[in-house]
Amino acid sequence: MLEKRFDWMYIAPSSTLRSSFEKILNSKTDKEKLRLTLQEQARQLSCREASGELELIKQVNDDPLLQPLFNVVCRLVYAVKGVYQPEFNWNRFFD
């Protein structure tokens, strides 16, 4: 389903963003692995090009099942970039 959504949004198969989301979804069964993968991928997506692509996806996505995933990854990327987000409590994110 995610592949079709990325195709619909014209995200190239070789995109860093597509690769990152595949890694995140592949680690979903182990809480610790997911936490580490999210941290690693947020660092990789914090570059200007990837974070711009992520913002675009967040804006054009109309799938209510994927929107929370895009929102969480955006917030993690913002945290890596040092963007202040008072409405989100990171301390209890993985409890």
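Residue numbers for the sequence shown follow my numbering, beginning at 6 and rising by one.
Glycine is no exception: its CB is placed at the ideal position from the N, C-alpha and C atoms.
Residue i burial status per 10 Å Cβ neighbour count (16 or more: buried)
i, result
"E8", "exposed"
"L43", "buried"
"L41", "exposed"
"E58", "buried"
"S119", "No answer is possible for residue 119: it lies beyond the span of the chain, which begins at 6 and ends at 100."
"V78", "buried"
"A17", "exposed"
Anticipated Cβ contact below 8 Å, residue i with residue j, distance rounded
i, j, result
"A55", "L22", "6 Å"
"N76", "K63", "7 Å"
Host alpha helix (DSSP H) of residue i (start-end)
i, result
"G87", "Looking at the DSSP string, G87 is not in any alpha helix (DSSP H), and its letter there is neither H nor E."
"D12", "7-13"
"N31", "21-31"
"S56", "53-65"
"A17", "Where A17 is concerned, there is no enclosing alpha helix (DSSP H), given that its DSSP letter is neither H nor E."
Backbone CA spacing between residue i and residue j [nearest angstrom]
i, j, result
"N66", "M6", "13 Å"
"M14", "S32", "24 Å"
"E27", "V88", "25 Å"
"S51", "S20", "14 Å"
"R10", "D35", "25 Å"
"F99", "L74", "Only weak support exists for where F99 lies, its pLDDT of 49 falling under 50; the coordinates are left without a value."
Open item on the list: Quick test of the definition: if touching needs 3 or more C-beta pairs under 8 Å, does the segment 74-85 touch the segment 42-57?
Closed with: yes
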